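All you need for this note's numbering is the position in the sequence shown, starting with 1, plus 30. Ideal placement from N, C-alpha and C gives every residue a C-beta, glycine not left out. Note that the structure is a prediction, hence the values are computed from the model and not measured. A short write-up of the structure that comes next.
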Amino acid sequence: MIECTGLNGSEAKDVLEHLAELRCRVFREYPYLYDGDLAYERDYLSHYTHSDNAFLVIAKMDDQIIGVSSCIPLVEADPAFQEPFRAAGYDLEKIGYFGESVLLPEFRGQGVGHRFFDLREQWALKHHFTITTFCSVIRPVDHPARPEDYRPHDAFWNKRGYIRHDDLISNLDWPEVSEANNSPNHDVATDTSHKLVFWLKSTS
Numbered sequence: 031m032i033e034c035t036g037l038n039g040s041e042a043k044d045v046l047e048h049l050a051e052l053r054c055r056v057f058r059e060y061p062y063l064y065d066g067d068l069a070y071e072r073d074y075l076s077h078y079t080h081s082d083n084a085f086l087v088i089a090k091m092d093d094q095i096i097g098v099s100s101c102i103p104l105v106e107a108d109p110a111f112q113e114p115f116r117a118a119g120y121d122l123e124k125i126g127y128f129g130e131s132v133l134l135p136e137f138r139g140q141g142v143g144h145r146f147f148d149l150r151e152q153w154a155l156k157h158h159f160t161i162t163t164f165c166s167v168i169r170p171v172d173h174p175a176r177p178e179d180y181r182p183h184d185a186f187w188n189k190r191g192y193i194r195h196d197d198l199i200s201n202l203d204w205p206e207v208s209e210a211n212n213s214p215n216h217d218v219a220t221d222t223s224h225k226l227v228f229w230l231k232s233t234s
């Protein structure tokens, strides 16, 4: 049975390495195609573990960590995620930012995604946020790396009450997987600029 447990940021320090490896593995898949770096991931995740307000949901199966989902006040998130909201005149103090939700492929379709949202939305209510938000990478429908059986999560997010806001766009760079660098002997990938669109839900 899959168990999902909520942890405050500081409580997740002992599983930091597992979470870094998990992010690298899952985000390598389409649509993110992230050519992950463990050192960067450790540094990124330490931002959550150093925050008293951050919250992580850890999914386990037989004591094995199989997934993680995160959230943090938008005012403590990466400035790249704050910028479009600030430019549009939102009050950042009232917004809870949902970071990644990563889950190993063999455990998908068993309700864990809903559990990730349930626990993070409970966290948002506890902190009196009036808006919760997350972002997703924008990819063309004819992207060459898109698997034939790929299904976007838009319908799932809509069912959870989230609405896509095409006026809220963030730009973020990360090294991207390609056929040339997908082999064990590939050179270091260069960063590629990506656009991410935000999805919003009102909690009031």
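Query	Result
Report the partner residues of Gln-94 according to the DSSP bridge assignment.	Met-91
By Cβ distance, which residues of its chain are closer than 7 Å to His-48, with the 5 residues on each side in sequence left out?	Ile-95
Compute the Euclidean distance between the alpha carbons of Phe-115 and Leu-46, then round it to the nearest angstrom.	29 Å
Less than 8 Å between C-beta atoms, sequence neighbours within five positions excluded: which residues of the same chain meet that for Tyr-120?	Ile-161
Do you know how far the Cα of Thr-233 is from the Cα of Gly-191?	10 Å
Would you please state the rounded distance, in angstroms, between the beta carbons of Val-227 and Ser-166? I believe it to be under 8 Å.	6 Å
Along the chain, where does the alpha helix (DSSP H) that runs through Pro-114 open and close?	109-117
Compute the distance between the beta-carbons of Tyr-78 and Gly-126, then report whether it is under 8 Å.	no
Are the CB atoms of Leu-63 and Gly-97 within a distance shorter than 8 Å?	no
By a C-beta neighbour count over all protein chains shown, 10 Å radius and 16 as the cutoff for buried, is Ala-107 buried or exposed?	buried
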